[in-house]
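Trainee: Supplied in C-alpha cells, the structure appears directly below.
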Amino acid sequence: SKDIYNILINYNFFLFKKINVKGWVKHFRYNYFLNINDGSSLKDLQIIIDNKYFNNFFLKKINIGVSLEIIGILVLSKGKKQNIEIYANRIKIFGSFKMEYLQKTILQQKKHSLKKLREQSYLRFRTNIFSSIMRIRHHIAFSIHKFFYKKNFFYINTPIITTYDTEGAGDMFKVTTFNFKKIPINELGEINNTLDFFGDFTYLTVSGQLQGEAAASGLGKIYTFGPTFRAEKSNTFRHLSEFWMIEPEMAFYKLNHNMILAENLLKYVIKYVIKHCYDDLFFLEKKNINRLYSILNSSFQRISYTNAIKIIKSSKYKFFFPVKWGTDLQSEHEKFLSEHYFHNCPIIIYNYPLRIKPFYMRLNDDNQTVAAMDVIFPNIGEIIGGSQREERYNFLLKRMIELNLNIKSLWWYLNIRRFGSVPHSGFGLGFERLIQFITNINNIKDNIPFPRFQKNAFY
Ligand code: 4AD
Ligand code: MG
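Each residue of the sequence shown is one higher than the last, beginning at 13 in the working numbering.
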C-alpha cells in the first residue's frame, strides 16, 4: 500500500489504469468497502466492491484476516479518509477461513492487550501496533549499520558458542561439555586447539566483546551486531534471555572518546527514525514524539559514580535499597538520577568501583575505580554498558588471577596484550532496550519478534 501511495505523486499518469494489489483484509463493511493492508505501512488501501459483479456466495468467503489479490482500476476517492481507492474487477482469494475462528484470534478487530498479542505471537505481525514496532525495529537496525558505515567501522561477527563468561555474572546457557586434557603450549604461549569442543563446558555467548577486542586490535574500529544470551532469572519489563547487542570496539579510544561515540550513535538513530518512521512513531507515541526530540536537544549529563552516590545519599527520596560507596546502583537509583535529578535527561555514569565491574575494565590511577561507563535513559535505565579496556598485560593478568578466572580459556585474550597492545575502548548497546525507548512500548518482550524469557520459549 505504501507503493500505491507513492504512485499518487504521479497520479495523473496512473489514474484509471488497471492495477493489481495483494494483501490481508483489515475491514469489510456492507459487502462494499474492503480495506486491505500488505504490511508495508500503517495505511490500508480501500477497495470498492460493486455487488453487481460478485455473487454473495463468493463474498461470504471474504472476512477480516483473509489474504487476497485484487485486480481493479485506480481512482481518486470521494471519501475523506483516503486519496485513492480501487474499483475491483476481479478478486482472487488465497487464504480464507471460517468466521468463527476469527473470534478466537487476535486478528479480530478490537483492542487487545499487548500481553494477549504475545500469546499469539505468530499472528501479531498482522496487527497495527506490532507491525509498527517491527518496521521501526528494522529502521533502527539499518540506521545503526549506516552510522558505523559512515564512520568507517568494520562490521564483524563473533561466535555464539564460547567457553567463558565475559561479564562474570555466572548466568550462561550451557551448550555442551568440554574437556581440558593435556594442553600443549607453543613458544608464543598459544594453546593448540586440541580442546574437545563436543566435550565439556561450552556456553551461549553473553557478549561478543572479547573477540571484538581482538578484531579491533587489527582492523582499528569494528562493531558486532548479534544475538547474546543471559540465563538471568529476572523476568522484568527490561530483561530477555536472548537479546541483540551492538558492540563497537575501537583501538586508540579512551573513555572520553567512547562516551562521545555512544552519545552520537544514540542521537543519530533517534534522528533517523523520526525522519523515516514518522507515521509509525506517531501512531505508537500518541503525539509524544517530543520525548525523542528532547533527547536530540539534550547533552548527556556525565557524572562519576562517586558523585552519583553523593547525590543519592543526600536526597530526600526513600529508596528500597540503601547505597554506600562500593555497592552497585539499582534501577531505582538510576531512575532517580536520570528522571528526577537530571529532569529526564540521559546520563552517563562513569568510573565505577573496581569490585562491582567485570575483569577487563581498565584500572584508574586511584587503584579503586575502573574506566567504566553506563548510559542511563529515562524510563529504560541502563541502555549501554562499556569501558576502556585494560590493555596492560600485567594488570590484566593480576586481575584475572584475583578473580580466579579460567586463564586456560582466555589465554588468547591476554595475548592480545603481548603483541602490540594499544589503549582501546568499546561498549554494548542493548538493541531491544533502544527500541523500547523509541517505540515507548513499555515491555521489552513486545519489541522483539519472538521473545525468549524465563519459562517462555514458544513459537
Ligand atoms: O552491560 P552489559 O552486560 O555489557 C556487556 O555485555 C559488555 N561486554 C558490552 C561491551 O562493552 N562490549 O550489557 C550491555 C547492554 C546493557 O546496557 C543493556 O542495554 C543490554 O545490553 N542488556 C540486556 N538487554 C535485554 N535483556 C537483558 N537480559 C540484558 N542484559 C543486558
Ligand atoms: Mg551493564
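Just so it is clear, CB atoms sit at the ideal spot from N, CA and C, and this is done for glycine as well.
Ordered along the chain, which non-local residues of its own chain (more than five positions away) have a Cβ less than 6 Å from that of Phe312?
Mentor: Cβ neighbours of Phe312 beyond the five flanking positions: Glu275, Pro358, Ile360.
Trainee: I'd like the ranges of any beta strand (DSSP E) spanning at least 3 consecutive residues and lying wholly in the region 293 to 362.
Mentor: Counting only runs of 3 or more, we get 313 to 316.
Trainee: Where in the region 78 to 152 do unbroken runs of the beta strand (DSSP E), each at least 3 residues long, occur, reported from the N-terminal end onward?
Mentor: Listed in chain order, the complete beta strand (DSSP E) runs (minimum 3 residues) inside the region 78 to 152 are 79 to 88, 96 to 107.
Trainee: Kindly identify the DSSP beta-bridge partner or partners of Tyr235.
Mentor: Tyr235 pairs with Tyr167, Pro260.
Trainee: When DSSP labels each residue in this structure, what does Met184 get in the three-state scheme?
Mentor: Coil at Met184, not helix or strand.
Trainee: Rounded to whole angstroms, what is the Cα-Cα separation between Val218 and Lys328?
Mentor: Near 37 Å, if we compare the C-alpha coordinates of Lys328 and Val218.
Trainee: When you compare each of Tyr364, Leu273, Phe348, Phe331 to Asp340 by their alpha carbons, which one comes out closest?
Mentor: Measuring from the Cα of Asp340, the nearest candidate turns out to be Tyr364.
Trainee: Do Thr178 and Leu222 count as a contact pair if the criterion is CB distance below 8 Å?
Mentor: Result yes, Cβ atoms of Leu222 and Thr178 sit closer than 8 Å.
Trainee: Since I believe Lys55 is in contact with Phe80 (beta carbons under 8 Å), could you give me their beta-carbon distance rounded to a whole number of angstroms?
Mentor: The question names Phe, yet the displayed sequence has Leu at residue 80. Incorrect: roughly 18 Å between the Cβ atoms, too far for contact.
Trainee: If you draw a straight line from the C-alpha of Asn300 to the C-alpha of Ile450, how long is it?
Mentor: Going from the Cα of Asn300 to the Cα of Ile450 covers about 11 Å.
Trainee: For a test of your reading of the model: does the CB of Glu444 fall under 7 Å from any non-hydrogen atom of the ligand MG? Yes or no.
Mentor: Not under cutoff, so the answer is no.
Trainee: In terms of residues, what are the limits of the alpha helix (DSSP H) holding Glu444?
Mentor: 443 to 451 is the span of the alpha helix (DSSP H), which, as asked, contains Glu444.
Trainee: To which residues of the same chain is Arg242 closer than 7 Å at the C-beta, ignoring the five residues directly before and after it?
Mentor: Same-chain partners within the cutoff: Asp183, Val218, Ser253.
Trainee: Regarding Leu252 and the ligand 4AD, is the C-beta to nearest heavy atom distance less than 7 Å?
Mentor: Yes.
Trainee: Go ahead and label Tyr317 buried or exposed: buried means 16 or more other beta carbons lie within 10 angstroms of its beta carbon, across all protein chains shown.
Mentor: Flag for Tyr317 reads buried.
Trainee: Would you mind giving the Cβ-Cβ distance between Gly442 and Met271, rounded to the nearest angstrom? I have them listed as a contact below 8 Å.
Mentor: That belief does not hold up - the Cβ atoms of Gly442 and Met271 are roughly 17 Å apart, past 8 Å.
Trainee: With a cut-off of 7 Å, give the chain-ordered residues whose Cβ is closer than this to any heavy atom of the ligand MG.
Mentor: The set, ordered by position in the chain, is Asp386, Glu394, Gly397.
Trainee: What's the gap between the Cα of Phe190 and the Cα of Leu422?
Mentor: Note on Phe190: pLDDT 46, under 50, position unreliable in the model; the coordinate value appears next. So the alpha carbons of these two residues sit roughly 15 Å apart.
Trainee: In chain order, what residues of the same chain lie with their CB nearer than 7 Å to the CB of Asn418, ignoring the 5 residues before and after it?
Mentor: The residues are Tyr176.
Trainee: Any idea what DSSP makes of Asn459, helix, strand or coil?
Mentor: Helix.
Trainee: Ignore the nearest five residues each way along the sequence and tell me which others in Asn247's own chain have a CB closer than 8 Å to its CB.
Mentor: Result list for Asn247: Phe465, Gln466, Lys467, in chain order.
Trainee: Tell me whether His345 is buried or exposed, calling it buried when 16 or more other Cβ atoms sit within 10 Å of its Cβ.
Mentor: Burial call: buried.
Trainee: Using 10 angstroms around the beta-carbon of Asn459, count the other beta-carbons present and answer buried if the total reaches 16, otherwise exposed.
Mentor: Asn459 is buried by the Cβ-count criterion.
Trainee: Quick one: what's got a C-beta closer than 7 Å to His288's C-beta in the same chain, skipping five residues either side?
Mentor: Excluding sequence neighbours, His288 sits near His151.
Trainee: For Ser107, which residues of its own chain have a beta-carbon under 7 Å away from its beta-carbon, when the five flanking residues on both sides are left out?
Mentor: A small fix is needed here, since residue 107 is Gly in this sequence, not Ser. Within the same chain, Gly107 has close Cβ partners Val78, Ser79.
Trainee: Applying the 10 Å Cβ sphere with the 16-neighbour rule, what's the burial state of Tyr161?
Mentor: Exposed: under 16 other Cβ atoms inside 10 Å.
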